[in-house]
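Residue numbers 3 to 239, in my numbering, belong to the letters of the sequence shown in order.
Cβ coordinates follow ideal geometry from the N, Cα and C atoms, glycine included.
Note that the structure is predicted; figures quoted are calculated from it, not measured.
One structure below.
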Amino acid sequence: MDNGWGGGMVRDFMGGVGMRRLVVGLSVVAVLGAGACQQAEVPADAPVTADASAPQPGQTMAETFGNCEWGEVTGSGLSIWSYACGPEAGNVRLVADDSLPGFAVESPGDGEAMRRPAIMIFKKAADASVESIVEAVRAKSPGPHSATCTLQPVTFEGAVPGSFGFEPTGAAKAAWDAFASGDGEAAPVDPPCGDLGPQMAGDRSFRVVEGDPTTVVFIEYGSEIQIFDPATLRPAT
């Protein structure tokens, strides 16, 4: 029965609708495809991040050095991860220093860069104890009582398990402990074991490098958070 539209007109109308749907569908696909292929723009000043498989800084370090770049520093056969800070964040970085040997924190000085020893390397036989390096430590750390200072186990916040301190003994220990405790009646004394021993501020210790029983490192933790993470110290690969 003819409804007035006519068979041809119905087919043309339905065909037109189908065509419009097809064109719209293809247009949407094209737009979505272009969006998927287009790479997101990266700001020029975006920080460079380390590979996800690499050691990562702790939350406190990340918050403290948020404007600095996290990366690996190698030297003297060792690898450690540290922040490097540009001029806007003090221009401070960890560098390899063969004169120690080890690593130093480098910062701007009066006309030239200043270096503060951060990690010093001592060598020993693979089967020897940590105490076997005590004479070498005494030579590197002259103090009023270094000749009687020994390497003893120590613990403090942030210390790696198996850490040792270059500590005084006997009467020198008693005098230092009394003075360092803040006893107002104790006579003032100089650090008994030199620069690598106990001080009135900051922490420092020695330990065998994980993965290399022939290498002992002295680590200067200081009294504030450092730009490097001692827990990441390993033999370089």
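Task: Cutoff 6 Å; reference Pro121; Cβ partners in own chain excluding five residues on either side - done: The residue labelled residue 121 in the question sits at position 119 within the sequence shown. A quick correction: the sequence has Ile, not Pro, at residue 121. Excluding positions up to five away in sequence, the list reads Gly104, Phe105, Val219 and Ile221.
Task: Coarse secondary structure for Glu169, derived from DSSP in three states - done: Working through the sequence shown from its first residue, we reach residue 169 at position 167. Strand.
Task: Nonlocal neighbours in the same chain, by C-beta distance under 6 Å from Val210, ignoring five residues either side - done: To locate residue 210, count along the sequence shown from 1; it is residue 208. Excluding sequence neighbours, Val210 sits near Val218.
Open item on the list: Taking the alpha carbon of Val162 as the reference point, which residue from Tyr223, Cys87, Ala64 and Ser84 has its own alpha carbon closest?
Closed with: Looking up residue 162 in the sequence shown gives position 160. Nearest C-alpha to Val162: Tyr223.
Open item on the list: Classify Ser225: buried if its beta carbon has 16 or more other beta carbons within 10 angstroms, exposed otherwise.
Closed with: Looking up residue 225 in the sequence shown gives position 223. Ser225 comes out exposed.
- [ ] Would you decide whether Ala64 is buried or exposed? Buried here means 16 or more other CB atoms lie within 10 Å of its CB.
- [x] What you label residue 64 is simply residue 62 of the sequence shown in a count that begins at 1. Classification for Ala64: exposed.
- [ ] Write down the C-beta distance between Val107 and Val94 rounded to the nearest angstrom, noting that I regard them as a contact closer than 8 Å.
- [x] For this step, residue 107 is matched to residue 105 along the sequence shown. For this step, residue 94 is matched to residue 92 along the sequence shown. Indeed, because the Cβ distance is near 6 Å, the residues count as touching under 8 Å.
- [ ] Determine the closest residue to Gly164 out of Glu71, Pro155 and Trp83, with distance taken between C-alpha atoms.
- [x] Reading the sequence shown from its first residue, position 162 is the one you call residue 164. Here the closest residue by C-alpha is Pro155.
Open item on the list: Counting C-beta neighbours from all protein chains within 10 Å, is the total for Ser228 16 or more, i.e. buried, or is it exposed?
Closed with: In the sequence shown, residue 228 corresponds to position 226, counting from 1. Looking at the sequence provided, one finds Gln at residue 228 rather than Ser. Classification of Gln228: buried, given that the 10 Å Cβ count is 16 or more.
Task: Proximity below 8 Å, CB of Leu198 to CB of Val139 - done: Within the sequence shown, residue 198 is the residue found at index 196, counting from 1. Within the sequence shown, residue 139 is the residue found at index 137, counting from 1. The answer is yes: Cβ separation under 8 Å.
Task: In chain order, each beta strand (DSSP E) run of at least 3 residues that lies wholly inside the segment 75-120 - done: Within the segment 75-120, the beta strand (DSSP E) runs of at least 3 residues that lie entirely inside it are, in chain order, 80-86, 95-99 and 104-109.
Open item on the list: To the nearest angstrom, how far is the alpha carbon of Glu187 from that of Cys151?
Closed with: The count along the sequence shown starts at 1 and reaches residue 187 at position 185. The count along the sequence shown starts at 1 and reaches residue 151 at position 149. If I take the Cα positions, the gap works out to 24 Å.
Open item on the list: My assumption, with CB atoms under 8 Å, is that Gly167 sits in contact with Pro194. Please give the rounded CB distance.
Closed with: As a working note, residue 167 is residue 165 in the sequence shown. As a working note, residue 194 is residue 192 in the sequence shown. At roughly 12 Å, the Cβ-Cβ gap does not stay under 8 Å, so Gly167 and Pro194 are not in contact.
Task: Where Asp179 falls: helix, strand or coil (DSSP) - done: For this step, residue 179 is matched to residue 177 along the sequence shown. If DSSP states are grouped into helix, strand and coil, Asp179 belongs with the helices.
Open item on the list: Restricting to Cα atoms, I'd like to know which of Gly79, Asp192 and Gly92 is closest to Asp100.
Closed with: Indexing the sequence shown from 1 puts residue 100 at position 98. Ranking Gly79, Asp192 and Gly92 by Cα distance to Asp100 puts Gly79 first.
Open item on the list: Bridge partners for Glu71 per DSSP, in chain order?
Closed with: Here residue 71 is taken as the residue at index 69 of the sequence shown, counted from 1. DSSP lists Ala86 as partners of Glu71.
Open item on the list: Could you tell me the alpha carbon to alpha carbon distance between Val132 and Glu114, rounded to whole angstroms?
Closed with: The sequence position of residue 132 within the sequence shown is 130, counting from 1. The sequence position of residue 114 within the sequence shown is 112, counting from 1. Rounded to the nearest angstrom, the two C-alpha atoms are 36 Å apart.
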